[in-house]
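> Dropping a structure here in structure tokens format, bear with me for questions.
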Amino acid sequence: MTMDDIRNSDLLENTDSLEPNTLGLEEFSGKSTAALIKLAKEHSSPDGAVKINFQLANIGNTNDPANIAYDYLEALWIGERLSKHCKKVTSETKSLSYYEVYVVFSMWPSDFEEWARELVQLTIDLELWGEDCPDGYEIYDPITKAEGISEVEDDIFNGSSKICLPELADCFIANFIHGTFYHEEEAYWNERFPTWRHGFWKSALSREIGYDLYTSTNSQGVWIAMSDKDKIEDLLSQYGGFSETGRKLYLAEYLRLNDESPFLVSVRNSVYAPVQQVESALECWEKCLQDKKRKSKANDDQYSSAWQDFSWRMTEHGQAVVASHDNVQFVAFCSSADSLRPEQLQDTLAKLENSADRLRQLVGLPPSSLCNWDSINEEDFEELCYDVLRRTGIFDERTIRKHGKTRSRDGGRDIEIWSRSRIGKPGVKWIFQCKYLSTSRSLGAGRIDMSDVVEQYGAGGFGVMTNSVIDSTLYDRMDAIAARRDLELMSWSKFELERFITPRRDLLRRYFKHD
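full-length UniProt numbering puts the last residue of the sequence shown at 515; the count rises by one with no breaks.
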């Protein structure tokens, strides 16, 4: 989670409250080990996990990312201390509001007695116990605490195998690179970690996944994976926010017409090529990571022929694009704004005859679609949208909610769902509105209530799904609101829906009648 994420609470993993059985560290203060063990076991989950939260106090209260970096470092120090007495420890970041952000630890103690003793000492070291220190424990010493936290910081910088919560270590580095401590000694840090100069750092996950992975402070996100091609799908499902089905990569063709922006075409979708993201990663790789340095090209025009020599792949909806080059994989994360709209594809069809067949398929041509929209009603359409979102592979299907029946008072929320989190980017709450229209009409801006809904429900993403064509007025309105609110967008017209449904025969059989 970088400072860009923190400034916009919609990008945090918003939730109304922490899970009922989640305990704050302060709830353990003043208790004996026996009472502490009893409390932990009473609140443990069926699989034996004890959930403990720690507030990141500086988020929402500082303009210096260095302070937020310290919050993550302190959280990591807590997790590392307790992990010594656990079979397993995981962490996730949750937000109750802009000013209330927590790291929630899930712990499976292997020795409750030793774990409880460590927890008592921890509450003392966090000054949660009070003035009196119980017998058998060390009194609070700020120097000892600072040394312990500094030791964890050294472990992060040295790439130590001791780190058991690499996601928190990555969040620490992401904020550290933006903060005053880094900028005050920028020359020192850039000499020690040359990739930092380019906005990339070696992820603490590298040891766990078995190869070097470099993540970035790029607002949209780009990785450098020093691995073979066949390992990227696993990486996307483990840490990229994709499900087992959503991680699948399709071969894509790099195309550029005259002076227009280059784009990628697969059998599933078409997106603008993330040239700037990949170029920044390529420059970092060439100057810092490649064994034999090559002269870097200065701009996209000079690179235009080289981009075609890359091997390109992309996920079904284009949220992740992989450019393979010399046994290194550049993984760029894209937004729905990077997808080509149907009318843009139709314009391309007229200019590019060599790719006409593939592009016609992407925009829904030929007209003999297998999706007979006249055979379903509004209620069927909302249920279809529910099934489509659940199966995209980019959303957490466990979080999906359908609000009421068609025309019910759902507050403008037909479907609510959270995107999956990835390294440095927590999941986002999405709200989708489903609009079933006569196929002879287009969906315009006047039929969508967007701004109030997003503000009322604290969404970080907004989507529209329709069985018709989306009018340019709606696209323009969505783009304008998204720009003001730093909002993610997704649009599903009849073209995108038909492209998704056609290869999934079970959806065709369930929703559409055929002679």
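The beta carbon of each residue, even a glycine, is placed where N, CA and C say it ideally should be.
To the nearest whole angstrom, what separates the beta carbons of Cys288 and His198, a pair I think is in contact under 8 angstroms?
Their Cβ separation, rounded to whole angstroms, is 7 angstroms, which keeps Cys288 and His198 in contact under 8 angstroms.
> Just checking my contact of Ala225 with Val331 at CB under 8 angstroms: how many whole Å lie between their CB atoms?
Between Val331 and Ala225 the Cβ distance is about 6 angstroms, and since that is below 8 angstroms, they are a contact.
> DSSP three-state label for Tyr436, please.
If DSSP states are grouped into helix, strand and coil, Tyr436 belongs with coil.
> Can you tell me whether DSSP reads Leu56 as helix, strand or coil?
Coil at Leu56, not helix or strand.
> What is the DSSP secondary structure of Phe193, reduced to helix, strand or coil?
Correct three-state label for Phe193: coil.
> From which residue to which residue does the beta strand (DSSP E) around Trp418 run?
Counting along the chain, the beta strand (DSSP E) containing Trp418 begins and ends at 415-419.
> Would a C-beta distance cut-off of 8 angstroms place Val464 and Ser438 closer than the cut-off?
No. Outside cutoff.
> Spell out a yes or no on whether the stretch 386-404 and the stretch 178-188 are touching, meaning 3 or more CB-CB pairs, one atom from each, closer than 8 angstroms.
With the cut-off at 8 angstroms, the stretch 386-404 and the stretch 178-188 do not touch.
> The alpha helix (DSSP H) that contains Met478, what's its start and end?
Counting along the chain, the alpha helix (DSSP H) containing Met478 begins and ends at 472-485.
> Could you tell me which residues DSSP pairs with Leu251 in its beta bridges?
According to DSSP, which records beta bridges pairwise, Leu251 is partnered with Arg313.
> Give the DSSP-derived three-state secondary structure of Pro503 in the structure shown.
Coil.
> Give the single residue among Tyr214, Ser106, Gly393 whose Cα lies nearest to the Cα of Trp201.
Trp201 has its Cα closest to that of Tyr214, out of Tyr214, Ser106, Gly393.
> Out of Ala75, Ser32, Ser95, Ala49, which has the shortest C-alpha to C-alpha gap to Gly60?
Taking only the C-alpha atoms, the option nearest Gly60 is Ser95.
> Taking the alpha-carbon positions, what's the Arg247 to Pro503 distance?
Computed Cα separation, rounded: 17 angstroms.
> Does the distance from the CB of Arg222 to the CB of Ser266 come in under 8 angstroms?
Correcting the residue identity first, residue 222 is Val in this sequence and not Arg. Cβ distance not < 8 angstroms, so Val222 and Ser266 don't count as in contact.
> Starting from Ser280, trace the alpha helix (DSSP H) in both directions and tell me its first and last residue.
Taken as a continuous stretch (DSSP letters only), the alpha helix (DSSP H) holding Ser280 covers 275-284.
> Apply the 10 Å Cβ neighbour rule to Gly48 and answer buried if 16 or more other Cβ atoms are within range, or exposed otherwise.
By the 10 Å Cβ count, Gly48 comes out exposed.
> Quick check: the stretch 476-488 against the stretch 320-330, are there 3 or more CB pairs under 8 angstroms?
In short, these stretches do not touch, since the Cβ pair count stays below three.
> Check Gln290 in the structure and name its three-state DSSP category.
Three-state result, Gln290: coil.
> In angstroms, rounded to a whole number, what distance separates the CA positions of Ser472 and Asp449?
Taking the straight line joining both Cα atoms gives about 16 angstroms.
> Do the stretch 414-431 and the stretch 451-463 make contact, defined as three or more Cβ pairs closer than 8 angstroms?
Short answer: they touch.
> Report back the beta-carbon spacing between Cys164 and Ser83 to the nearest angstrom; my notes put them in contact at under 8 angstroms.
Contact flag correct, Cβ pair sits at about 5 angstroms.
> Mind checking which residues open and close the beta strand (DSSP E) that includes residue 516?
Residue 516 lies beyond the residue range present for the chain, which begins at 1 and ends at 515; the question has no answer from this structure.
> Using the beta-carbon count (16 or more within 10 Å), is Ala75 buried or exposed?
It counts as buried.
> How about Val322 and Leu264: do their beta carbons lie closer than 8 angstroms?
Going by C-beta atoms, Val322 is not nearer than 8 angstroms to Leu264.
> Where do the N-terminal and C-terminal ends of the beta strand (DSSP E) with Ala34 fall, by residue?
That residue, Ala34, is in no beta strand (DSSP E); its alpha helix (DSSP H) goes 33-42.
> CB-CB under 6 angstroms to residue 516, same chain, minus the five flanking residues each way: which ones, in chain order?
No answer is possible for residue 516: the residues shown for the chain start at 1 and end at 515.
> Please state whether the Cβ-Cβ distance between residue 526 and Val120 is less than 8 angstroms.
Because the chain spans 1 through 515 in this model, residue 526 falls outside it and cannot be assessed.
> Do Lys429 and Ser468 have their beta-carbon atoms positioned less than 8 angstroms apart in this structure?
Not a contact, by the Cβ cut-off of 8 angstroms.
> Based on the DSSP secondary-structure assignment, which residues constitute the bridge partners of Leu443?
BP columns for Leu443 point to Ile470.
> To the nearest angstrom, how far is it from the Cα of Ser336 to the Cα of Glu233?
Distance between the alpha carbons of Ser336 and Glu233 is about 20 angstroms.
> What's the gap between the Cα of Leu508 and the Cα of Arg313?
Roughly 27 angstroms separates the two Cα atoms.
> Return yes when the Cβ of Phe395 is within less than 8 angstroms of the Cβ of Asp414, no when it is not.
Not a contact, by the Cβ cut-off of 8 angstroms.
> Here's the rule I'm using: 16 or more other beta-carbon atoms within 10 Å means buried, otherwise exposed. How should Leu370 be labelled?
Label assigned to Leu370: exposed.
> Can you grab the Cα-Cα spacing for the pair Arg192 / Asp141, in whole Å?
Cα to Cα, Arg192 sits roughly 32 angstroms from Asp141.
> Using only alpha-carbon positions, find the residue among Cys284, Glu153, Asp259, Pro65 that is nearest to His183.
Selected option, being the one with the closest Cα: Pro65.
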